[in-house]
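Okay, so here's the structure we're looking at.
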Amino acid sequence: MNPRYGLRWPASYPLALVIAVLALVPVGVLMGLASDSAELFDAHNLKVLTNTLLLMFFTVLGSVVIGVPLALITAYVQVPWRKLWLIVLAAPLAIPSYIGAFTLYAAFGRGGEIQQLLGLPMPSVKGLAGATLVMTLYSYPFVMLTTRASLLSLDASLVNAARTLGMTVGVSLWRVVLPRVATGIAAGALLVALYTLSDFGTPAIMRLDTFTRVIFVEYNAFGLSQAAMLSLQLLVIVGLVLFLESRVRGSKERPGRHLTLWPSRGQKWLMVLVFAPVILLSIVLPLVVFGVWLMREGTGGFDFSYAWNSAHASFLAALVAVILAIPVAHAAIAGRAGRFMERLTYFGFGVPGIVMGTALVYVGLQLPFLYQTLGLLVLAYVLRFLPLAVGSVRSTAEGLDPSLVKAARLLGASPREAFQRITLPLTIRGMVAGAALVFLEAMRELPATLMLGPTGFETLATYLWRVYEAGYFGRAAIPGLLLVLMSALGLALMLSGERRAEFDVTGK
Amino acid sequence: MLKVSNLSVDYGSTRVVKNLNLALGDDEVLMLVGPTGCGKTTILQALAGLIPISEGEIQLGPWRSTPKKSVPPEKRNVGMVFQDFALFPHLTVEQNVCFRLNDTALADHWLKLLGLENFRHAKPASLSGGQKQRVALARTLAHEPAFVLLDEPLSNLDAALKDSLRWEIREALKAAGIPAIWVTHDQEEALSIGDRVGILNGGELEQLDTPETCFSEPASRFVARFLGEASFLPGQLLQSQVDTELGMAPGIPIDGVTGEVDLLMRPDDLSLVPSANGNGVVDWVRYEGCSRLYAVTVGSGAQVRVRTSHEVHAEPGNRVQLAIITTHPLAAFARS
Chain Y
6 MNPRYGLRWP
16 ASYPLALVIA
26 VLALVPVGVL
36 MGLASDSAEL
46 FDAHNLKVLT
56 NTLLLMFFTV
66 LGSVVIGVPL
76 ALITAYVQVP
86 WRKLWLIVLA
96 APLAIPSYIG
106 AFTLYAAFGR
116 GGEIQQLLGL
126 PMPSVKGLAG
136 ATLVMTLYSY
146 PFVMLTTRAS
156 LLSLDASLVN
166 AARTLGMTVG
176 VSLWRVVLPR
186 VATGIAAGAL
196 LVALYTLSDF
206 GTPAIMRLDT
216 FTRVIFVEYN
226 AFGLSQAAML
236 SLQLLVIVGL
246 VLFLESRVRG
256 SKERPGRHLT
266 LWPSRGQKWL
276 MVLVFAPVIL
286 LSIVLPLVVF
296 GVWLMREGTG
306 GFDFSYAWNS
316 AHASFLAALV
326 AVILAIPVAH
336 AAIAGRAGRF
346 MERLTYFGFG
356 VPGIVMGTAL
366 VYVGLQLPFL
376 YQTLGLLVLA
386 YVLRFLPLAV
396 GSVRSTAEGL
406 DPSLVKAARL
416 LGASPREAFQ
426 RITLPLTIRG
436 MVAGAALVFL
446 EAMRELPATL
456 MLGPTGFETL
466 ATYLWRVYEA
476 GYFGRAAIPG
486 LLLVLMSALG
496 LALMLSGERR
506 AEFDVTGK
Chain S
4 MLKVSNLSVD
14 YGSTRVVKNL
24 NLALGDDEVL
34 MLVGPTGCGK
44 TTILQALAGL
54 IPISEGEIQL
64 GPWRSTPKKS
74 VPPEKRNVGM
84 VFQDFALFPH
94 LTVEQNVCFR
104 LNDTALADHW
114 LKLLGLENFR
124 HAKPASLSGG
134 QKQRVALART
144 LAHEPAFVLL
154 DEPLSNLDAA
164 LKDSLRWEIR
174 EALKAAGIPA
184 IWVTHDQEEA
194 LSIGDRVGIL
204 NGGELEQLDT
214 PETCFSEPAS
224 RFVARFLGEA
234 SFLPGQLLQS
244 QVDTELGMAP
254 GIPIDGVTGE
264 VDLLMRPDDL
274 SLVPSANGNG
284 VVDWVRYEGC
294 SRLYAVTVGS
304 GAQVRVRTSH
314 EVHAEPGNRV
324 QLAIITTHPL
334 AAFARS
């Protein structure tokens, strides 16, 4: 692809290398910091480890139990408004789990909103069971979407063959279909595991001592080196999950006919009955609770500057992330070494926000000109969400037919003109989409924002957190609803990508 | 005039084009044909400057490109029509055709000539395959290249369209008076469209000549087989006549062979009549609509193929009488 060939390195390599090294800085910092820690591992640690692993295990289990049947239904069953169902069922993924944890916590239990409104006594939602419920409600779409994608790539004639050989639909799905999507299910389950490990808000609100919650407690108690030690321990588990994920590679099947099942009226009602609670708890309940609070308390205490601060920091992060993503994406396409550099930048995505926060707090303490600045917060966002921008830019650039640039050159355009008139206009969509993804993720980010935001710099997410800590739940209505709106926008963006892929598969 | 001397191209340590020599006349259409992987597309990319060359040189009018000093593609004034059309998806048909033109008169000319007037403001995605290929051709010709490279321009189109569009492209090239190298894997396309045909095998040019000569006097058995149905009948070459078990036939020695030869038989060089004591036995027969193709084993054990009118009918296992009916000389290869 290099226009003047030769054995030189592609021009993007040095830049991509610098960015890749930058992505590794947090881990290096943590290692240095943790070496000061007195305690390597104590009895409390064991409890934290057990809690973290149990939460991960039960959440994965719950997500598979909910996600796989939903994948089968959304992939194969012909129901009215299919697309709408898919969007609604995928929506919890876009909502930050701390919103769910907060509203579920406030709605259930003695004196909770449900009891106040309906007079029904409700069990409280907290601890391991509560955290598992919330995490499952907001992460099952990972399993649903990966499994559904594998299902759609299967050749349905095999199911039809099984049925002509005398198997019922159910048995043939179980014996002929599910074994072939095992890797899809596993991929989704590992994503759920990663998401659960790095989530801060839910265990904190549910009062479950997992790594993320304990790291934050240590940080607030000025035990930075202890926080770093815990962060490293968490990173080891994350690393193991990432390693497992890299080994999950399904064999690609030749795509074939698409399977469609036509349910009877009774079967449709059964499906609705089984899955209505999922949507009620994950989407309807938070909206109702915020609505009730809004009516009861109005907009008291909310300052528009919180929304502006969120948008401002997130916009800067999105801009920087896309600018950095361009050389990384270029390098990734240019050659093997570049692909490795791209892999390194993906590292930040696996680093939980609380861990990234711990590392950068220390960086801030060492480099006073960064301490308590917006720049440090933006850096944290960029390091965490750069892969979103890289992935988006790279996939549009890869989709670019290489003969287009060749054609432009042969018509007499210089490499620069070909870039400006062909490559740039055709990849700008990917850049905008990547920037939007980073923007929306940064808007909703909680732990790193709590740790790195300059004094007095309140965002939607941190304000929501302060309201929770202070117990003024009613004031969460406006920031909560705004965050849900952001999530809806993010979902629309992700789905527009998925829909494009779907159109490609059906060739329309 | 395009002149290619001793051109070689390597991919890593494999040489994919070996020692190619070519010269192209003023408005000549040269067809390069060969099986998949013979290096034909590589040659086009090397001529366009899209991949580096290892040895030799390419020369066209004012520029000369060598392995040491490569001329970038935009400085070559070469047009290329791509297999996948390579139309810019974000530009309309008109914007595609006028891509680097200040004066759009020529673009209008080609849009009109190729019947694209009504699609001027359409985006490429809304066009059919044939229309896309016409736009690609119009874009190339409107930029007035010194010569045109066509990389299997019809391979993504359906059969009925191929037949008419190949003539449309040839006529447009001739009308523009621009020489062209056209790569294809379809030997029928190569023979019917080309002023000359070059047959490639394993990166080497096996033969470069008029379609008639390539077909009737192939330089090798590979060329003979590649350009059409070929069977070989053993015989004795005596001066310009070959004595075979099916009778005498005029022969042309390839590479100066004498004595024991294999004579190249095309299916239409023979006649076939069902006959209880004929000189061959039918192995199989394929019905082709207007005609039937027979495979017949003769006394010596050689199998020849014969095409007859669909009215001639014989079953596998039947005896038939074969005779050589050709009047033009047949190519005689050294006995293998």
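Respectively, the protein sequence lines represent chains Y and S.
According to the numbering used here, the first sequence is numbered sequentially starting from 6.
According to the numbering used here, the second sequence is numbered sequentially starting from 4.
Where is the CB? At the ideal position from N, CA and C, for every residue including glycine.
No experiment lies behind these values; they were computed from the predicted model shown.
(request) Excluding the 5 residues preceding and the 5 following Y:Thr304 in the sequence, name in chain order all residues of the same chain whose CB lies nearer than 7 Å to its CB. (result) Numbered from 1 along the first sequence, position 299 holds the residue referred to as residue 304 of chain Y. So the qualifying residues of the chain are Ile483.
(message) Residues in the same chain with beta-carbon distance under 6 Å from Y:Val387, minus the five sequence neighbours each way, listed in chain order, please.
(response) Working through the first sequence from its first residue, we reach residue 387 of chain Y at position 382. Ala322, Val325 and Ala326, listed in sequence order.
(request) Taking Y:Val30 as the reference, give the member of Y:Asn56, Y:Val410 and Y:Leu349 with the closest Cα. (result) As a position in the first sequence, residue 30 of chain Y is number 25, starting the count at 1. Of Y:Asn56, Y:Val410 and Y:Leu349, the residue nearest in Cα terms is Y:Leu349.
(request) Using a Cβ cut-off of 9 Å (strictly closer), state whether S:Val81 contacts chain Y. (result) As a position in the second sequence, residue 81 of chain S is number 78, starting the count at 1. Closer than 9 Å to some Cβ of chain Y, the Cβ of S:Val81 qualifies, so yes.
(request) Let me know the secondary structure DSSP gives S:Lys177 once reduced to three states. (result) In the second sequence, the residue the question calls residue 177 of chain S occupies position 174. Looking at S:Lys177 - three-state DSSP - the assignment turns out to be helix.
(request) Could you tell me which uninterrupted alpha helix (DSSP H) segments, each at least 4 residues in length, are contained entirely in the region 56-122 of chain S, listed from first to last along the chain? (result) 96-100 and 108-116
(request) Consider the Cβ of S:Asp13: report whether some Cβ of chain Y lies at a distance smaller than 9 Å. (result) Walking along the second sequence from the start, residue 13 of chain S turns up at place 10. Among the CB atoms of chain Y, none fall inside 9 Å of the CB of S:Asp13.
(request) Output the boundary residues of the beta strand (DSSP E) element that contains Y:Lys131. (result) Mapped onto the first sequence, residue 131 of chain Y falls at position 126. Y:Lys131 -> no beta strand (DSSP E), and no H or E assigned at all.
(request) Less than 8 Å between the CB atoms is what I'm expecting for S:Leu140 and S:Leu117, so what's the real figure, rounded? (result) In the second sequence, residue 140 of chain S corresponds to position 137, counting from 1. In the second sequence, residue 117 of chain S corresponds to position 114, counting from 1. With a Cβ gap of about 7 Å, S:Leu140 and S:Leu117 count as contacting.
(message) Just to confirm the assignment, what range does the beta strand (DSSP E) spanning S:Lys6 have?
(response) As a working mapping, residue 6 of chain S is identified with position 3 in the second sequence. Residues Leu5 to Tyr14.
(message) Threshold first: 3 residues or longer. Then list the beta strand (DSSP E) segments lying entirely within the region 121-209 of chain S, N to C.
(response) 150-154, 183-187 and 199-204
(message) Please report the straight-line C-alpha distance between Y:Asn7 and Y:Val32, rounded to a whole angstrom.
(response) Within the first sequence, the letter at position 2 stands for residue 7 of chain Y. Within the first sequence, the letter at position 27 stands for residue 32 of chain Y. Only weak support exists for where Y:Asn7 lies, its pLDDT of 39 falling under 50; the coordinates are left without a value.
(message) Please list, in chain order, the residues of the region 219-239 of chain Y that have any C-beta partner in chain S closer than 7 Å.
(response) The residues in question: there are none.
(request) Tell me whether Y:Leu278 is buried or exposed, calling it buried when 16 or more other Cβ atoms sit within 10 Å of its Cβ. (result) The residue you call residue 278 of chain Y lines up with position 273 of the first sequence. So Y:Leu278 counts as exposed.
(request) Mind listing the chain Y neighbours of S:Arg103? Cutoff is C-beta to C-beta under 7 Å, in chain order. (result) Residue mapping note: residue 103 of chain S aligns to position 100 of the second sequence, counting from 1. Ordered by position in chain Y, the residues that pass the 7 Å Cβ test against S:Arg103 are Leu416, Gly417 and Ala418.
(message) Since S:Phe336 and S:Leu267 should fall inside the 8 Å C-beta cutoff, what is the C-beta to C-beta distance between them, to a whole number of angstroms?
(response) Here the question's residue 336 of chain S lines up with position 333 in the second sequence. Here the question's residue 267 of chain S lines up with position 264 in the second sequence. Indeed they touch by this definition, with Cβ atoms about 7 Å apart.
(message) Assuming S:Tyr297 is part of the beta strand (DSSP E), what are its boundary residues?
(response) By 1-based counting over the second sequence, the position of residue 297 of chain S is 294. That run of the beta strand (DSSP E) goes Ser294 to Val301.
(request) Taking Y:Ser5 as the query, report the chain S residues whose CB atoms sit under 7 Å from its CB, ordered along the chain. (result) The requested residue 5 of chain Y does not occur in the structure, where chain Y is confined to residues 6 to 513.
(request) Kindly list the residues whose CB is nearer than 7 Å to the CB of S:Pro9, restricted to its own chain and excluding five residues on each side of it in sequence; keep chain order. (result) Position 6 of the second sequence, counted from the start, is the residue given in the question as residue 9 of chain S. The displayed chain sequence assigns Asn, not Pro, to residue 9 of chain S. The answer, listed in chain order, is Asn22, Asn24, Glu58 and Gly59.
(message) Please report whether the beta-carbon of Y:Tyr430 lies at a distance below 9 Å from any beta-carbon of chain S.
(response) As a working note, residue 430 of chain Y is residue 425 in the first sequence. One detail in the question is off: residue 430 of chain Y reads as Pro in this sequence, not Tyr. Interface residue, yes.
(request) Return no unless some Cβ of chain B is closer than 9 Å to the Cβ of S:Leu53. (result) Absence of chain B from the displayed structure is noted, the protein chains being Y and S.
(message) Any beta carbon of chain Y sitting closer than 9 Å to that of S:Pro92?
(response) Start at 1 with the first residue of the second sequence, and residue 92 of chain S comes out as number 89. So yes, S:Pro92 belongs to the interface.
(request) Output yes if chain Y places a C-beta closer than 9 Å to the C-beta of S:Glu77; else output no. (result) Translated into positions along the second sequence, residue 77 of chain S becomes position 74. It does: the Cβ of S:Glu77 has a partner Cβ on chain Y nearer than 9 Å.
(request) Output yes if chain Y places a C-beta closer than 9 Å to the C-beta of S:Arg142; else output no. (result) Position 139 of the second sequence, counting from 1, holds the residue named residue 142 of chain S. Cβ-Cβ to chain Y under 9 Å: yes for S:Arg142.
(request) Assign S:Glu77 to buried or exposed, taking buried as 16 or more other Cβ atoms, counted over all protein chains shown, within 10 Å of its Cβ. (result) To locate residue 77 of chain S, count along the second sequence from 1; it is residue 74. S:Glu77 comes out buried.
(message) Which residue wins for smallest C-alpha separation from S:Glu155, given the options S:Glu174, S:Asn204 and S:Pro38?
(response) As a working mapping, residue 155 of chain S is identified with position 152 in the second sequence. Among S:Glu174, S:Asn204 and S:Pro38, the Cα nearest to that of S:Glu155 belongs to S:Pro38.
(request) Return no unless some Cβ of chain Y is closer than 9 Å to the Cβ of S:Gly316. (result) Against the second sequence, residue 316 of chain S aligns to sequence position 313. At residue 316 of chain S the sequence reads His, which differs from the Gly that was named. For S:His316, the answer is no, since every Cβ of chain Y falls outside 9 Å of its Cβ.
(request) Check whether the Cβ of Y:Leu496 lies closer than 9 Å to any Cβ atom in chain S. (result) Here residue 496 of chain Y refers to the residue found at position 491 of the first sequence. No - not a single Cβ of chain S is within 9 Å of the one on Y:Leu496.
(request) Please confirm if S:His188 has its CB atom under 9 Å from at least one CB of chain Y. (result) The sequence position of residue 188 of chain S within the second sequence is 185, counting from 1. By this cut-off, S:His188 is not an interface position.
(request) Determine the extent of the beta strand (DSSP E) in which S:Thr311 is found, giving its start and end residues. (result) Taking the first residue of the second sequence as position 1, residue 311 of chain S is located at position 308. Gln306 to Ser312 is the span of the beta strand (DSSP E), which, as asked, contains S:Thr311.
(request) Just the C-alpha distance for Y:Ala25 and Y:Met346, rounded to the nearest angstrom, thanks. (result) Here residue 25 of chain Y refers to the residue found at position 20 when the first sequence is read from its first residue. Here residue 346 of chain Y refers to the residue found at position 341 when the first sequence is read from its first residue. For Y:Ala25 and Y:Met346, the distance between alpha carbons rounds to 6 Å.
(request) Flag Y:Ile190 as yes if its beta-carbon sits less than 9 Å from any beta-carbon of chain S, otherwise no. (result) Numbered from 1 along the first sequence, position 185 holds the residue referred to as residue 190 of chain Y. Y:Ile190 does not count as touching chain S.
(message) What would DSSP say about S:Tyr290, mapped onto helix, strand or coil?
(response) Residue 290 of chain S sits at position 287 when you count from the first residue of the second sequence. Looking at S:Tyr290 - three-state DSSP - the assignment turns out to be strand.
(request) Measure from the alpha carbon of Y:Gly479 to the alpha carbon of each residue in Y:Gly117, Y:Gly396 and Y:Ser162, then state which is nearest. (result) By 1-based counting over the first sequence, the position of residue 479 of chain Y is 474. Looking at the Cα atoms, Y:Gly117 is the closest of the given residues.
(request) Would you list, in chain order, the members of the region 127-153 of chain S that have their beta-carbon closer than 9 Å to a beta-carbon of chain Y? (result) Ala139, Arg142, Thr143, His146, Pro148 and Leu152
(message) Going by beta-carbon coordinates alone, are Y:Val437 and Y:Arg389 separated by less than 9 Å?
(response) Residue 437 of chain Y sits at position 432 when you count from the first residue of the first sequence. Residue 389 of chain Y sits at position 384 when you count from the first residue of the first sequence. Result no, Cβ atoms of Y:Val437 and Y:Arg389 do not sit closer than 9 Å.
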